[in-house]
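Notes to accompany the following structure.
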Amino acid sequence: MGKLIISNRAIDLTITEEITSPAYYNLKLISPVWPGGASGVTGGIGYDFGHNTPAQIAADWKYKLPDNSIQVLKRVSGLRGEAAKKALTVQIRAVKIPLEPAMEVFKLRTLPRYAALTVRAFPGVTDLLPDAAGVILDIVYNRGPRLNDSGSKEIKEGARSEMR
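If you count by the working numbering, then the sequence shown holds residues 828 to 991, one letter each, in order.
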C-alpha cells in the first residue's frame, strides 16, 4: 500500500465542515460540546473525546493544553450518546481549547491516524488524486472506517452501503 497524499484544499474542507470559521469556533466551539447522536463530548477540530482512550487524549493534547484541562477531558473518554450529553458538566465546558493548538492536534495527530484508517478501509485510495483522497479521508473521519454493521463480519445489503 502506498502513502495517502491529501491536498491542503481537502484539509481545509474538513476543518471548515467541523468549525465553520475561526470566528464561529472562538464564539461557540472553544469549549467542548456534545453534537448529538452517538457522538461523545467533542472539542477542537471535531475531536471526539468519547472515541479516544484516556492515554490517547493525554498523548494528543500534551503540551497543547494545561495538564488540569487534560485530566478533566479524560473523564469523558469512552462516553457516547446520552452518557456524553450528561457528562458535559460545567467543569467540562469550562475547558478552553484555543484554535491554534486545536489545529495542531488535528493536523499532526488526528489526520495521520485517520489517514491510516482510510487506507486500511479503502486500499485503492492511495491511487486517487490528493483532492479526492482527502474527501474519502473526510468521510472516514466523520463516519468511521467500517464497511458493515457494528459487530457483524458479513456485509449486508443496505447496511452502511454508503461507505462501500
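Yeah, the Cβ is synthetic: ideal placement off N, Cα and C, and Gly gets one too.
Apart from the five residues on each side of it in sequence, which residues of its chain come closer than 8 Å, Cβ to Cβ, to residue i?
| i | result |
| --- | --- |
| G905 | G867, G877 and T880 |
| L840 | G961, V962 and D965 |
With DSSP collapsed to three states, give me the class of residue i.
| i | result |
| --- | --- |
| G870 | strand |
| V922 | coil |
| V860 | strand |
Looking at C-alpha atoms only, which residue of the options is the closest neighbour of residue i?
| i | options | result |
| --- | --- | --- |
| T916 | V903, S834, I963 and I842 | V903 |
| K901 | Y852, I919, Y890 and Y851 | I919 |
| R970 | Y941, A959, T953 and G951 | Y941 |
| Y993 | A886, D965, I963 and L926 | Outside the displayed span of the chain (828 to 991) sits residue 993, for which this structure offers no information. |
| I897 | G908, G870, R907 and E909 | G870 |
| N835 | A910, L856, L938 and I884 | L938 |
| E817 | A910, P859, Y874 and G829 | Coverage of the chain is limited to positions 828 through 991, which leaves residue 817 absent and any answer about it impossible. |
| A910 | L935, G864, A885 and D894 | G864 |
| Q883 | A943, L944, R936 and D954 | R936 |
| I838 | A943, F933, L944 and P950 | F933 |
| I924 | N895, E844 and T843 | N895 |
Taking the Cβ atom as the reference point for each residue, do residue i and residue j lie within a distance shorter than 8 Å?
| i | j | result |
| --- | --- | --- |
| V946 | V922 | no |
| K891 | P928 | yes |
| A960 | V967 | no |
| P957 | I872 | no |
| I846 | L856 | yes |
Measuring only between beta-carbons, confirm whether residue i sits less than 8 Å from chain C.
| i | result |
| --- | --- |
| K934 | Absent here is chain C; the protein component of the structure consists of one chain. |
For residue i, which residues from the same chain have a beta carbon less than 6 Å from its beta carbon, with the 5 sequence-adjacent residues on both sides left out?
| i | result |
| --- | --- |
| K912 | W861 |
| W888 | I897 |
For residue i, which residues in the same chain have their Cβ closer than 7 Å to its Cβ, ignoring the five residues on either side in sequence?
| i | result |
| --- | --- |
| A948 | V967, P972 and L974 |
| G829 | T953 |
| N853 | L926 |
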